[in-house]
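At position 75 of the sequence shown (counting the first as 1) the number is 55 in our numbering, and the numbers step up by one without a gap.
Think of the CB as a built atom: it goes at the ideal place given N, C-alpha and C, for glycine as much as any other residue.
Keep in mind it's a predicted model, so treat the numbers as computed, not measured.
Notes to accompany the following structure.
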Amino acid sequence: MAGSTPAFADVPAKTWRLLASSVLDFIIIALVVTTVALWGLAGDLPRTLVMSLSALVTIVLTVMWWRLRTHRGTSPGHLLLGLRSVDPVTGLPGRLPGLHAVDIRRGQDPLRPRPRPLVLDTTAPRRPPVDVTLIASLDDGSSYRLDMPCVIGRDPRVAPPYHCLAVTDISRTISRTHLMLWSESGLLLLSDMGSRGGTAIITAQGNHPLPADQTISFPMAPGLLAHLRLGQRELRIEALPNLPGTR
């Protein structure tokens, strides 16, 4: 439809909706604590015990709220309003609740990434998906097994279900959180996460910069899938076929 926002775009949430979500969370916690207190008073429990029980429930609910916001970027208020709290740099839930969120009803949910427009080799035929193991190799000879979905960087810190792959980079041209990878429908998808050093696809024709937050896909078939430049470092992603009974 004309004027609609693509489902694969991140849509920032309005500040008033984020504040409304926090108010809803406070009201929900207050209602639960009040219910516990009234139950205790109705049962003729000692007032000191009721106060202690109410304080304990408040602490437990607050800790649960904090973990939901920091690990999943969600809360009861967020669920009701369709929001996801994210780090403004990585675009994923971070270690602190923060005041930045995206609207997952109008745009993409960062924890359920969807492929975006491809920038290379759009006419190449797709091959049927096969069972493979992905291996990432840096130009210093170090190799890593990739578990999807995955975030690569010097010190990536992201919430589940993402796996973190920390790589050594003395040049410091690879950002702490640099590249996101995930698989879908037999494709390997890559997206630069706003890194300082940037990401480029290396081909026989030269380097093709990958714009931040743009996604490119590669058919998941045995062999070299992608030859990348992360900052000043080179990274090769290969797919090794899994023999029956090896996994």
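Check for me: the alpha helix (DSSP H) holding residue i runs from which residue to which?
i: Val16; result: -5 to 22
i: Ile39; result: 27 to 47
Quick check on the DSSP output: the beta strand (DSSP E) that includes residue i runs from which residue to which?
i: Arg64; result: 63 to 65
i: Thr113; result: 112 to 118
i: Asp193; result: Run containing Asp193: none; DSSP gives neither H nor E here.
i: Asp83; result: 81 to 83
What are the partner residues of residue i, as DSSP defines its beta bridges?
i: Arg209; result: Ala180, Glu214
i: Met160; result: Val131, Ser171
i: Arg125; result: Ile115
i: Ala201; result: Ala201 pairs with nothing; no bridge assigned.
i: Leu59; result: Answer is none; Leu59 lacks a bridge partner.
Under 6 Å Cβ to Cβ from residue i, same chain only, skipping five residues before and after it: list those, please.
i: Leu63; result: Ala(-7), Ser1, Ala81
i: Arg85; result: Gly62
i: Met160; result: Val131, Ser171, Met173
i: Pro221; result: Val112, Pro202
i: Leu126; result: Leu114, Ala116
i: Gly57; result: Ser1, Leu4, Asp5
Under the three-state reduction of DSSP, which class applies to residue i: helix, strand or coil?
i: Ala139; result: coil
i: His51; result: helix
i: Gly186; result: strand
i: Pro73; result: coil
i: Gly(-17); result: A caution first: Gly(-17) carries a pLDDT of 41, below 50, which makes its placement in the model unreliable, though a value can still be read off. Three-state DSSP puts Gly(-17) in coil, outside helix and strand.
i: Arg96; result: The predicted model places Arg96 with a pLDDT of 49, which falls under 50 and marks its position as unreliable, so this point remains unresolved.
Rounded to the nearest angstrom, how far is the Cβ of residue i from that of residue j, given a contact under 8 Å?
i: Gly203; j: Ala219; result: 6 Å
i: Val30; j: Leu36; result: About 11 Å separates the two Cβ atoms, so there is no contact after all.
i: Trp45; j: Asp89; result: Not really, about 20 Å apart at Cβ, beyond 8 Å.
i: Val12; j: Leu41; result: 6 Å
i: Leu215; j: Leu208; result: 5 Å
i: Leu189; j: Ala180; result: Looking at the sequence provided, one finds Pro at residue 189 rather than Leu. Right, their Cβ atoms sit about 5 Å apart.
i: Gly87; j: Val(-9); result: 3 Å
i: Pro237; j: Arg156; result: Since the displayed the chain opens at -19 and closes at 227, residue 237 lies outside it and no answer follows.
Spatial neighbours of residue i within its chain, please: C-beta separation below 7 Å, excluding the five flanking residues on both sides.
i: Ile154; result: Gly133, Arg134, Val147, Gly177, Leu210, Gly211, Arg213
i: Leu(-2); result: Leu63, Leu79, Ala81
i: Ala10; result: none
i: Asp119; result: Arg213, Glu214
i: Thr(-5); result: none
What does a CB cutoff of less than 8 Å around residue i pick up in its chain, not counting 5 residues either side in sequence?
i: Ser123; result: Ile115, Ala116, Ser117
i: Pro129; result: Pro93, Pro141, Tyr142, His143, Met160, Leu161, Trp162, Ser163
Compare the C-beta of residue i with all C-beta atoms of chain C and state if any pair is closer than 9 Å.
i: Leu118; result: This model lacks chain C altogether, as it is built from one protein chain only.
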